[in-house]
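Read through the structure below, which is laid out as C-alpha cells, and then see the notes.
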Amino acid sequence: MSALGTLLRKFPKNAVPTFWQPAVSKLALPSNVNGDRCVNKIQVRHAGPQWLPDENYYRKLGDLVMLPKETSSPSNSDAIQYEVPEISMENFREEEIHNITVNFGPQHPAAHGVLRLVMTITGESIKKCDPHIGLLHRGTEKLIEYKTYTQALPYFDRLDYVSMMCNEQAYSLAVEKLLNIDIPLRAKYIRTLFGEITRILNHIMSVGTHALDVGALSPFFWIFEEREKLMEFYERVSGARMHAAYVRPGGVSQDLPLGLMDDIYDFCTRFNQRIDEVDDVLSENRIWKQRTVDVGIVSAEDAQNLGFSGVMLRGSGIKWDLRKVQPYDAYNLVDFDVPIGRHGDTYDRYLIRMEEMRQSLRIILQCLNQMPEGEIKVDDNKIVPPSRAEMKESMEALIHHFKLFTEGYNVPPGATYAAVEAPRVSLEYT
Numbered sequence: 001m002s003a004l005g006t007l008l009r010k011f012p013k014n015a016v017p018t019f020w021q022p023a024v025s026k027l028a029l030p031s032n033v034n035g036d037r038c039v040n041k042i043q044v045r046h047a048g049p050q051w052l053p054d055e056n057y058y059r060k061l062g063d064l065v066m067l068p069k070e071t072s073s074p075s076n077s078d079a080i081q082y083e084v085p086e087i088s089m090e091n092f093r094e095e096e097i098h099n100i101t102v103n104f105g106p107q108h109p110a111a112h113g114v115l116r117l118v119m120t121i122t123g124e125s126i127k128k129c130d131p132h133i134g135l136l137h138r139g140t141e142k143l144i145e146y147k148t149y150t151q152a153l154p155y156f157d158r159l160d161y162v163s164m165m166c167n168e169q170a171y172s173l174a175v176e177k178l179l180n181i182d183i184p185l186r187a188k189y190i191r192t193l194f195g196e197i198t199r200i201l202n203h204i205m206s207v208g209t210h211a212l213d214v215g216a217l218s219p220f221f222w223i224f225e226e227r228e229k230l231m232e233f234y235e236r237v238s239g240a241r242m243h244a245a246y247v248r249p250g251g252v253s254q255d256l257p258l259g260l261m262d263d264i265y266d267f268c269t270r271f272n273q274r275i276d277e278v279d280d281v282l283s284e285n286r287i288w289k290q291r292t293v294d295v296g297i298v299s300a301e302d303a304q305n306l307g308f309s310g311v312m313l314r315g316s317g318i319k320w321d322l323r324k325v326q327p328y329d330a331y332n333l334v335d336f337d338v339p340i341g342r343h344g345d346t347y348d349r350y351l352i353r354m355e356e357m358r359q360s361l362r363i364i365l366q367c368l369n370q371m372p373e374g375e376i377k378v379d380d381n382k383i384v385p386p387s388r389a390e391m392k393e394s395m396e397a398l399i400h401h402f403k404l405f406t407e408g409y410n411v412p413p414g415a416t417y418a419a420v421e422a423p424r425v426s427l428e429y430t
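The sequence shown runs 1 to 430 under the UniProt record's numbering.
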C-alpha cells in the first residue's frame, strides 16, 4: 500500500498515469436502426491497436453501457491516422466450416479418470477419435513378478478403482484353479453378494456422472447418497472403503460382522425406489434423450469384431453374460435376468445399467436368504493364514503364518484362465 501511495504522489492530482489511460480508438458502428452508417477516424498506437465502440453512439442509447467519463488522447507523434471504410453486408460471404481438432484430457472433469482423446469434431458430432492409452499404466504385471501370491492381491484393487472386489474375485479364482482347491459355500455366497454390491457401486458412478455431465444435478446427488451407504458396507466388512483386499485365494479374509446382513437387506428394500426416481427424471427427459438416443451406435457385428464385452456388448443386442454362460462362485444358485439392447446406442446402454442394478438387488436378496452357516475359507494354513487365536495356542500355526508372509506358497507348474463378469467388461486373467 505504501509503494502504491508513493507512486500516486508522483503524479499531479488532475493527471492520469499513462498506463491507466483508457483506449481512445474508435470503431465505426451503425448510427441507427435504419441502416445509416457513420464513419469515424480511429487512432492506432504502434504498441498495438485497442478498439472500443463509438462513445457518442452508445450515449444515445441512454447510458446502457458504462463508459469512462474522461479520456486522455495520446500525442499525435506516436499515432497514425487510419480511415475505416463503410461496413456493408456485401462484403460478407459464406464460408464452409471445417472440422475442429480438440484434445479431450488427459485430465478432464468429464473423463472421471486419466484419459486423453484427440477428437475431430463438427459441431457436436465426433467424426474421428484417437485414444491415447497408457496414462494409468504402472507396470503392475512386472511388479507382481517380485511378489508372492498373497502380496500381489492388493495390486488388483487398483486396476479399476470402482470395481475393487470383482478384480480380487477374478485373481482369486485364477489362483484357486492353479492350486486345485474348492472354497466353502458360505464364502462363495459372500463373494457373490459383494460382487453385486460392487456392480451397483459402478453403475451408480456411471449413470450419476453421465447425468451430471449432461447437466442433470439432482439424480447425481440422489444416487450418490445411496452409494455412500454401499461404501459403508465395504468399510464394515474389510476396514477399507475402496481397496478392500477382502476376497482372497481360498475364500474371504473374515466373516460378515453382526448386523451387516440386516442393513444390506434394508438397503435393498429402499434402493429400488431411488432407481425409479432416477428413471422418472431421466428416461423420458427431452434433453437426456437428445444427448443419448442414436448417439454412439455400435452394431452387433462391430461389437463382436472389436472385441466388446460387458454392457457395451449387451447394448448391441448380444446376450452374453459370464454369470450365465460360465457361472462362477454362487451364480449358478441364484436366479436373475440379463437385459440386452436393441439399437446399440448410448440410451440402450443407460437402460441396461439401470436394469442391471435392479437385477443385482434380486441377487443380493437371494444371497442373504440362501447363505448357509459354515467356514469362510479353506482349512489349509499353507494357503490361508491362521487366526490369531490359533497362533497363540499352536506352534505349527505360528510357523505357517511366518512362512506364508515371508516366502508365500508355490503353485504347481502350468497355466490357467479365469474370468468374471465385472460391472464394465468381462475381466479375464491368464
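Positions of the beta carbon are idealized from the N, C-alpha and C atoms, including for glycine. Just so we're clear, the structure is a prediction, and the values are computed from it rather than from any experiment.
Worksheet item: Taking the alpha-carbon positions, what's the D345 to V311 distance?
Response: 11 Å
Discussion item. For a test of the three-state rule: what should DSSP assign to D213, helix, strand or coil?
Written reply: helix
Item to complete: Express the C-alpha separation of M164 and P413 in angstroms, rounding to a whole number.
Response: 28 Å
Discussion item. In whole angstroms, give me the CA-to-CA distance for P30 and T101.
Written reply: Only weak support exists for where P30 lies, its pLDDT of 43 falling under 50; the coordinates are left without a value.
Discussion item. What does the Cβ neighbour count give for A187, buried or exposed, with the cut at 16 atoms within 10 Å?
Written reply: buried
Worksheet item: Based on the DSSP secondary-structure assignment, which residues constitute the bridge partners of T150?
Response: Beta-bridge pairing links T150 to no other residue.
Discussion item. Pop quiz: F271 and E226 are said to be a contact at Cβ under 8 Å. What is the actual Cβ separation, rounded to whole angstroms?
Written reply: In this structure, F271 and E226 form a Cβ contact; the two beta carbons are roughly 6 Å apart against a cut-off of 8 Å.
Item to complete: Taking 7 Å as the cut-off, decide whether the C-beta atoms of residue 454 and E421 are in contact.
Response: Only positions 1 to 430 of the chain appear in the structure, and residue 454 is not among them; the question remains open.
Practice prompt. Evaluate A174 with the Cβ neighbour count: other Cβ atoms within 10 Å of its Cβ, from every protein chain shown; 16 or more gives buried, anything less gives exposed.
Written response: buried
Worksheet entry | Cut-off 7 Å between Cβ atoms - residues of its own chain near L178, not counting five sequence neighbours on either side | Cβ within range, chain order: V411, P412, G414, T416.
Worksheet entry | Proximity below 7 Å, CB of residue 454 to CB of G315 | A question about residue 454 goes unanswered here, because the residues of the chain that appear run from 1 up to 430.
Worksheet entry | Residues that DSSP places opposite P131 in a beta bridge | L117
Worksheet item: Can the beta-carbon of S181 be found closer than 7 Å to that of V384?
Response: Looking at the sequence provided, one finds Ile at residue 181 rather than Ser. Result no, Cβ atoms of I181 and V384 do not sit closer than 7 Å.
Worksheet item: If you draw a straight line from the alpha carbon of E407 to that of D213, how long is it in whole angstroms?
Response: Straight-line Cα distance between these residues: approximately 48 Å.
Worksheet item: So R286 and L153 are in contact, right, with Cβ under 8 Å, and what is the actual spacing, rounded?
Response: Not really, about 47 Å apart at Cβ, beyond 8 Å.
Discussion item. Using a Cβ-Cβ cutoff of less than 6 Å, which residues in the same chain neighbour R424 once the five nearest sequence positions on both sides are dropped?
Written reply: G310
Worksheet item: Can you name, in chain order, every residue of its own chain whose Cβ lies under 8 Å from the Cβ of R342, other than the five neighbours on each side?
Response: Around R342: G317, D348.
Practice prompt. Check E373 in the structure and name its three-state DSSP category.
Written response: coil
Worksheet item: With which residues is R248 paired in a DSSP beta bridge?
Response: G251
Item to complete: Assign V425 to one of three DSSP states: helix, strand, or coil.
Response: Three-state DSSP puts V425 in coil, outside helix and strand.
Worksheet item: Cα separation between S218 and N103?
Response: 29 Å
Discussion item. Taking its Cβ as the centre, do 16 or more other Cβ atoms sit within 10 Å of Q151, making it buried, or is it exposed?
Written reply: exposed
Discussion item. Pairs of beta-carbons, one from the segment 129-140 and one from the segment 394-404, closer than 8 Å: are there three or more?
Written reply: no
Worksheet item: Taking the runs of the alpha helix (DSSP H) that are 4 residues or longer, which of them lie wholly in the segment 335-409?
Response: 346-370, 388-393, 395-406
Fill in: Neighbourhood of I297 by C-beta distance below 8 Å, restricted to the same chain and skipping five residues each side
H343, G344, D345
Worksheet entry | Beta carbon proximity, K188 to chain C, threshold 7 Å | Considering every chain present, this structure includes no chain C. It has just one protein chain.
Worksheet item: Can at least three beta-carbon pairs, one atom from the segment 257-269 and one from the segment 239-247, be found at a separation below 8 Å?
Response: no
Discussion item. At the level of alpha carbons, what is the spacing between Y189 and I340?
Written reply: For Y189 and I340, the distance between alpha carbons rounds to 26 Å.
Worksheet item: How should Q359 be labelled, buried or exposed, when 16 other C-beta atoms within 10 angstroms of its C-beta is the threshold for buried?
Response: By the 10 Å Cβ count, Q359 comes out buried.
Fill in: As assigned by DSSP and simplified to three states, the class of V102
strand
Worksheet item: Which of the three DSSP states, helix, strand or coil, is assigned to A187?
Response: Assignment of A187 by DSSP, reduced to helix, strand and coil, places it in the helix class.
Worksheet item: Between M119 and G215, what straight-line distance do the alpha-carbon atoms span, to the nearest angstrom?
Response: 22 Å
Fill in: Classification of A170 by the beta-carbon crowding that lies within 10 angstroms, buried from 16 upward
buried
Item to complete: Would you kindly work out how many angstroms separate the C-alpha atoms of H203 and P106, rounded to a whole number?
Response: 23 Å
Discussion item. Which same chain residues end up closer than 7 Å to L230 when comparing Cβ atoms and leaving out the 5 residues on each side of it in sequence?
Written reply: Result list for L230: I197, I200, L201, in chain order.
Fill in: Inter-residue spacing [alpha-carbon to alpha-carbon] between E176 and F308
27 Å
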